[in-house]
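Participant: The structure's right below; bear with me while I get my questions together.
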Ligand code: SF4
């Protein structure tokens, strides 16, 4: 995984609240057996009509959204199904961060393992971001800040371990594998019970 | 210090405690897997040359993308969709290569992953149970800590039988008193979610308590815990008691003989200690709960079945009602229904089918309505047929199907057509969840069956 440190990008805004993972990637696309290429079907039912044409009014389809790597969404983003296909699709499409006022638990965990930053900011910052779609923001994972065009700096928090892994491009499985001796000791205790 | 049920299980599974810089490492007793969220995890194991650490603690089944159409002449369930067939074949190969027990399509033990775990008795009190599926919370009904994980975490558990976790907060949902006739476990949990909201339980583990919860059967408790995730809570749990032990006793994988007595003695120590505290508590009066129905595009948008749809309060509500094609300030009772779906890990067990059958018996599905009854497992299918429930359904004009997730997730051929309205006993009414453009009202099996025979959203109490 590529390390994430600091990057600047324009945003794209989807102000709808409670965007669930069934919207991010509908279930009929979960028959994939790889994690690559899912960006094509990101928000499929919102981006495309039933016969596959682009819906021009949808925020991601507007020309000014092209190249945006930061998605700003309404409250409680990523609720519902645990499908990791949701962060895979967002990442594959090009997103590297999602900003909301709150992010659902499982989606947050899944995103952190896939180089997609789930960022919860205060309501005032969120309102500013929604009011100025396609503006540039700078995100620093080192400082845990989002800097807006007007100079506003909002803090966010990523748990220290996930932050360490993301900054260094390390994956969590390695850390778990290194605990082999402790896991074996735990299993011995369990069998003795 | 007095501890809650959650804290006792958490503490007992710590391989390594959390530090300021690292999360806790939690041991996993039981890992359930299915065809949709596991293929990539096995690919990563192969890429790194890793084995499954404890195949005996891993149980696999196929449910999400499998068809539920009746069997062909050879007694096989044909998989027509190529991508689904590939996924199913891959699970078979993965289980064979890594030595994992698999309940494959159409065999006796197959069914929805959250239905077969309890049915086999692999789900037990005090365990940590995970699965790449958000409704893993179902197993919390047994006094287990059970939660959904993503595919990366599936690979972690396969390789290490452990998981990195930050400790959640606790939320007590206390329901006291007696439910009115015609009010079911599904209505209880829909009422809880309607109050908490779809994000209200985020970061928390719910413990359901109180006299109304203790009075529920195991199947009803599973219905309640199942939908914890719809309030944002990763897990829901209920203290184990005699009802729990009674359900488990004699199940194929439950402890037997002396081991059973020893297990029960340990399970009796699990309930929260008197004086244990929760980070938050919500109280409900059971007698005030009505049959519930959802009107919007998330499970938190629910109301008493006789109520009027609330007027939209913000842009997201306006979008939801526009999708549903309904107006605020109007009742939902009497709204037309095209499809009725009775099934899913929420409501596909014997008691659900029996409840539905009380309505279908001697009645007919209304003209123009399609009713699907999908048992949660092959065992349930067999038991229901032995009781003659299948004939009650088919004589009424409903379809009796093979076991699986079916129209709950619509990735197996069972789905709504654009614009259709369904009353469903499943757990999600998100846009397109039951088929692109489809519109879902979530309710109990009683309400669903009553709506099937009238062709309109109906309070089952008006039929008896
Ligand atoms: S029945 Fe529905 S909610 Fe339950 S496991 Fe299957 S798809 Fe998921």
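Residue numbers (this note's numbering), protein chains in the order written: chain A, 56 to 248; chain B, 781 to 1244. Virtual Cβ for every residue (Gly too), placed ideally from N, Cα, C. Keep in mind that this is a model prediction, so the values were computed, not measured.
#1: Could you give the DSSP three-state label for residue 178(A): helix, strand or coil?
#2: Answer yes or no: the CB of residue 1005(B) versus the heavy atoms of the ligand SF4, is any distance below 7 Å?
#3: Would you say residue 1193(B) reaches chain A, if we count a Cβ-Cβ gap shorter than 8 Å as a contact?
#4: Kindly indicate if chain B contains any beta-carbon less than 8 Å away from that of residue 139(A).
#5: Of all Cβ atoms in chain A, is any one closer than 8 Å to the Cβ of residue 919(B)?
#6: Roughly how many angstroms lie between the CA atoms of residue 1068(B) and residue 843(B), to the nearest whole one?
#7: I think residue 893(B) touches residue 911(B), with their Cβ atoms under 8 Å apart; what is that distance to the nearest whole Å?
#8: Answer with yes or no whether the minimum CB distance from residue 135(A) to chain B is below 8 Å.
#9: Could you check the C-alpha separation between residue 150(A) and residue 1095(B) for me, to the nearest Å?
#10: Check whether the Cβ atoms of residue 932(B) and residue 57(A) sit closer than 8 Å, and answer yes or no.
#11: How would you list, in chain order, the residues of chain A whose beta-carbon sits under 9 Å from the beta-carbon of residue 801(B)?
#12: Taking Cβ-Cβ distances shorter than 9 Å, what residues in chain C pair up with residue 228(A)?
#13: How many Å lie between residue 1172(B) and residue 1140(B) at the Cα?
#14: On the criterion of 16 or more Cβ atoms from any shown chain inside 10 Å, does residue 930(B) qualify as buried, or is it exposed?
#15: Please confirm whether any heavy atom of the ligand SF4 lies closer than 7 Å to the CB of residue 1127(B).
#16: Would residue 820(B) pass as a contact of residue 1183(B) if the rule is Cβ separation under 8 Å?
#17: In chain A, which residues lie less than 7 Å from residue 845(B) when you measure between Cβ atoms?
#18: Could you work out which residues of chain B lie near residue 237(A), taking near to mean beta carbons separated by less than 8 Å?
#19: Ignore the nearest five residues each way along the sequence and tell me which others in residue 110(A)'s own chain have a CB closer than 8 Å to its CB.
#20: Would you tell me roughly how many angstroms separate the C-alpha atoms of residue 849(B) and residue 1156(B), rounded to the nearest one?
#21: Beta carbons nearer than 7 Å to chain A: which residues of the stretch 1098-1117 of chain B have them?
#22: Based on Cα-Cα distance, which residue from 1227(B), 1185(B), 1239(B), 1244(B) lies nearest to residue 845(B)?
#23: Using a beta-carbon distance below 8 Å, is residue 1210(B) in contact with chain A?
#24: Which one or two residues does DSSP pair with residue 984(B) in a beta bridge?
#25: Against chain B, with Cβ distances strictly below 8 Å, would residue 253(A) count as a contact?
#26: What's the C-alpha gap between residue 146(A) and residue 94(A)?
#27: Since residue 1233(B) and residue 1145(B) are thought to touch, with beta carbons under 8 Å apart, how far apart are those beta carbons, to the nearest angstrom?
#28: Looking at the structure shown, is residue 934(B) part of a helix, part of a strand, or coil, going by DSSP?
#29: Check this for me: beta carbons of residue 984(B) and residue 948(B), under 8 Å apart or not?
#30: Is the beta carbon of residue 141(A) closer than 8 Å to that of residue 133(A)?
#31: Closer than 8 Å, CB to CB, is residue 70(A) near chain B or not?
#32: Say yes only if the C-beta of residue 220(A) is nearer than 7 Å to one or more non-hydrogen atoms of the ligand SF4, and no if none qualify.
#33: Taking residue 129(A) and residue 70(A) to be in contact with their CB atoms under 8 Å, please state how far apart those CB atoms are, rounded to whole angstroms.
#34: Tell me, please, which residues DSSP counts as bridged to residue 1111(B).
#35: Given that a residue counts as buried once 16 or more other Cβ atoms are within 10 Å of its Cβ, and exposed if not, what is residue 1165(B)?
#36: Does the distance from the CB of residue 755(B) to the CB of residue 783(B) come in under 8 Å?
Facilitator: Short version:
#1: helix
#2: no
#3: no
#4: yes
#5: no
#6: 36 Å
#7: 6 Å
#8: yes
#9: 25 Å
#10: no
#11: 215, 216, 219
#12: Although the question refers to chain C, the structure presented lacks it and instead comprises the protein chains A and B.
#13: 7 Å
#14: buried
#15: no
#16: no
#17: 86
#18: 795, 796, 805
#19: 101, 102, 103, 104, 116
#20: 14 Å
#21: 1099
#22: 1185(B)
#23: yes
#24: 949(B)
#25: The first residue shown for chain A is 56 and the last is 248, placing residue 253(A) beyond what the model contains.
#26: 7 Å
#27: 6 Å
#28: helix
#29: yes
#30: yes
#31: yes
#32: no
#33: 5 Å
#34: 1088(B)
#35: exposed
#36: Chain B is shown from 781 up to 1244; residue 755(B) falls before or after that span and cannot be answered.
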